[in-house]
Amino acid sequence: LVLFIAGAILGKNIGAKYLIGYNSDLIAAIGGFAALIISIFLIKLISMRTATKEEYKPYIEEIISP
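Using this note's numbering, you'd call the opening residue of the sequence shown number 2 and step up by one each time.
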């Protein structure tokens, strides 16, 4: 969510400054969604890396009998 908002703000500023002929709100929406997609990809990549490490996998230390 944070990167979505940051991408929208960055897109709005870039749209207003460099892309004069285009609607800056459209550029803000494109920037926001692009940042959202990149953040989801990064989270998935980090999740896949940590899923293979033994130190992050749960294990049973002790079974307590009732």
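Virtual Cβ for every residue (Gly too), placed ideally from N, Cα, C.
Query	Result
Helix, strand or coil for K54 per DSSP?	coil
In terms of residue numbering, what span does the alpha helix (DSSP H) encompassing N24 cover?	From DSSP, N24 is part of no alpha helix (DSSP H); its letter is neither H nor E.
Using only alpha-carbon positions, find the residue among Y23, L27, M49 that is nearest to G8.	L27
Give the range of the alpha helix (DSSP H) segment to which I10 is assigned.	3-18
Pop quiz: G16 and A29 are said to be a contact at Cβ under 8 angstroms. What is the actual Cβ separation, rounded to whole angstroms?	6 angstroms
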